Structures are given as structure tokens and as C-alpha cells.
Amino acid sequence: LKFHPFFVVSAVAMSMTDAEKRKAPDDAPAGEKKDAAAPEAKKLKPTPADPATVRKQVEYYLSDDNLKHDKFFSEKIAADAEGWLEMSLILSCNKMKSMRSSKEDVMAALKESKLEVKEDGSAVRRPGNAPLPKLEVRPQKHLKKNAAHAHDGGAVVAIKNIPAEQGWTQIKEILAKKLPDKVSPWHVSEVNDNGTCFVVCPPFKDDLNVLESLEIEVGGAKLKCEACYGDVLQQVLKKLPKHIREKREKESRKKQKERNRPIVVGNQRFVNVGALRGKVKEIMNSRSDGESLKPEGSDFKLIKALLDYHPKGPEKSKGMIGLKVGKSTQGDNRCFFMVREGAPDEDVSLKKCIDAVELNPPYVTVE
């Protein structure tokens, strides 16, 4: 068997080339490898976390405002005899990850804080190991736009951990006695294998808050109602009897139509909440970073009035002497800042304020 010389030489050349390619990284001088990796290392170098932002975030985690709703952190602090919360748990929070905060960053940021930090930085606790606030159900105020109106046509709630011998009829009877006059559940599902049933009610004033604050006793067990959202809500709605689903959709359309009525905020009238949202955006976009709103101007008066709808109410804007626009401390977005005398400027979420307006619109009264 004979081989043509051309093919023999080509095959050898190809094999050498492949071998050289495989060996190239190992054979490269150490200095060259280091230089080649340098640009990648520079790309991955994290931006140092802003100490003021880190301090504000950690102080919030351990504040009464957060802990009265944060069951996880409350239980972790209560489980420690001296009230310490592990630093690793704080660093695992999404906002801390987004700031790329390290243990050293938190320790440095909390030097001037009233919070106490262990010498090795392994844990943080409230000043003087202050007692924890009583746990409360977190109010449903800052839902995403698609969830804010999920229960317009009637509240849909889940009741879990129902004792095995109890059925949907007992749930319906007990709920009917607890609900406001002339309000009776439209539909109560069968209790599933997980001991859960779903209840659909007609719309009534403050329905979600009323239902979630209820405690019913069924077969010796004390149970609570939990509002359904997302995939769970959609699955419940799919299984509803057709006449109940249609009735709920009709009520939802009525609510949507009602939301398009004019509203008034700070003596300024808007055709609907969408128009208010657009005006706030226009006020922000028409100003450069650091520019203050004139106190005598209508823009200032509108934003000031809107702040009263913040979940913390007038307490949020207490001591405020001015308003300005600037870059958010949480990222590249722009936001409004409250200016206080003798205190650092504080960013404020007007989205929370507008969401609150949307949930309870200040409609123009018709005389």
C-alpha cells in the first residue's frame, strides 16, 4: 500500500499544528498569561458599595418597620439568646447582593450606627438588644401593576391546614358568620389533599384586608385567609363554575370603568391615575440632577401632597424643607429627594405613593 508524499506531509503538519495548539497555553511564558488575564480581571472588579446606602439598608432590616412583617429575620433573632442576627443572612439579601457588599463593607458602614456589631463581624443586633415588635400581616399596598387589581372582581383567598374531618360546607358556614352583613361567599372549593380550600367572595369595602385579618376556628384549629396571586390565582379561576367566573369578570369590568373617573391630588385635577403618573414623570424629566423644585410652584405642591399617600404617611415627610431631583442611591435610576435641615437628603419612592392613590383613589366629588 503506497501513500502519496503530499498526503503524508499534510497529515504530519496537521497533527503538529493541533498538538501545538493544545500545548500553546501551557508553553506560554508566565508573564504573557498574566497579562492576557488582566483585562478580564479588571472587568470583574466590583464597584465599592456606598457606606451610607449600606448603613441605611442594614438599619432598615433590623428596624421595627421591617421586623414587624419579616417573620424570617424575627425568628432568627428570637432564636439567639442574645438577639444577634448572623451577618451571612444579611449579606444573602438581594439588595445587599446587588450592592456587592462584603462583611467588611457592612462593618465599616455601621461604625457610626446605633446597631451593634460583633468584633469579628459575624453578627449584628438591635441597639441594646431591643425587644422585637409583634409580628403583623404585611399590608398589600405595593403590589405590581398586574397584581394591584387582581381582586377587583372579588377577593380570592386560600384557607390552609384544614383538619381532615372538615369540609367546604363547614368553611362556608363559619365564614358567612364572620363576614359583613349581606356578604356571603360566592364559591368555596372542595378541601384538597393538602388540607386547603379556596374561597371566592363578592367585592365589598376593604375586602382583602377584612378577609386577611379574619381568624376562623374549624374543628378546633384556628385558621387564616391568605390572598391568592399569580399562578395560584389563575388555577383557581380556571376551575370556577362558569356562572361564578362570569359574575366575577362583570364586577371587574365595573371596577375598571370606575377607575377612569377624575381624581384630585393637592388641589390639582387629573382625568385618572395614569394622568397623575404621567405628570410626576414629566416633573422629574424636566429637571437636571440636583435641581430643586420651587416651593411656591405647583410642581412642588403636587409632589408634597402626593407624599401624604406614602405608607408611612406624614411621618415620612416630617421636617422636610425642600424637594429635589437626583440619581437614586440604589442604581442608575432617577428619583425625588426630600431635603431636611441639618440631616442628609433622603430618597423617596413616589411609586409607593401613586400605588396607594390607585388602591384608594381620591375621586372628584360630584355635587
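Under my numbering, read the sequence shown as residues 19 to 385, first letter to last. Idealized CB from N, CA, C, for every residue including glycine. A quick note: this is a predicted structure, and the numbers were derived from the prediction, not measured.
Beta-bridge partners assigned by DSSP to ALA239: VAL236.
Runs of beta strand (DSSP E) with 3 or more residues, each lying fully within the stretch 288-369, are found at 338-345, 352-358, 361-366, listed in chain order. Relative to LYS319, the option among LYS345, GLN286, GLU309 whose CA is nearest is GLN286. For VAL218, the enclosing beta strand (DSSP E) covers residues 215-218.
Two segments are said to touch when three or more pairs of C-beta atoms, one from each, lie closer than 8 Å; by this definition the stretch 141-155 does not touch the stretch 173-180. Sorting VAL209, ASN84, LYS223, SER304 by C-alpha distance to the C-alpha of LYS200 places LYS223 at the top.
Pairing ILE372 with VAL250 gives a Cβ-Cβ distance that is not under 9 Å. Rounded to whole angstroms, the gap between the alpha carbons of GLN252 and LYS268 is 17 Å. Excluding the 5 residues flanking it on each side, ASP363 has same chain C-beta neighbours closer than 8 Å at LYS342, GLY344, PHE355, MET356, VAL357, in chain order. Three or more Cβ pairs closer than 8 Å define a contact, and the stretch 129-136 falls short of that threshold against the stretch 182-200. Judged by DSSP in its simplified three-state form, LEU258 adopts coil rather than helix or strand.
The alpha helix (DSSP H) runs lying completely inside the stretch 130-191 and spanning 4 residues or more are 163-166, given in chain order. Contact between the stretch 322-341 and the stretch 300-307 is absent, with fewer than three C-beta pairs closer than 8 Å. Burial is judged here by how many other beta carbons sit within 10 angstroms of a residue's own beta carbon; VAL298 has at least 16 and is buried.
Shortest Cα-Cα distance from ILE108 to any of LYS89, LYS129, LEU80, GLY213 involves LEU80. Per DSSP, reduced to three states, the secondary structure at LEU197 is coil, with no helix or strand assignment.
Contact check for VAL206 against LEU193 passes: the beta carbons are separated by less than 9 Å. In this structure, VAL382 and PRO280 form a Cβ contact; the two beta carbons are roughly 4 Å apart against a cut-off of 8 Å. Following the DSSP letters along the chain, one finds VAL72 inside the alpha helix (DSSP H) bounded by residues 69-79. In the three-state DSSP reduction, ALA127 falls in the helix class (H, G or I). With a beta-carbon spacing of about 7 Å, LEU229 and CYS219 fall inside the 8 Å limit used to define contacts. Pairing PRO221 with HIS169 gives a Cβ-Cβ distance under 9 Å. Of the other Cβ atoms in all chains shown, 16 or more fall within 10 Å of the Cβ of SER335; this residue is therefore buried. With respect to VAL236, VAL175 sits apart: the two C-beta atoms are not nearer than 9 Å. DSSP places VAL283 in the uninterrupted beta strand (DSSP E) bounded by 281-283. Listed as beta-bridge partners of GLN286 by DSSP are VAL283.
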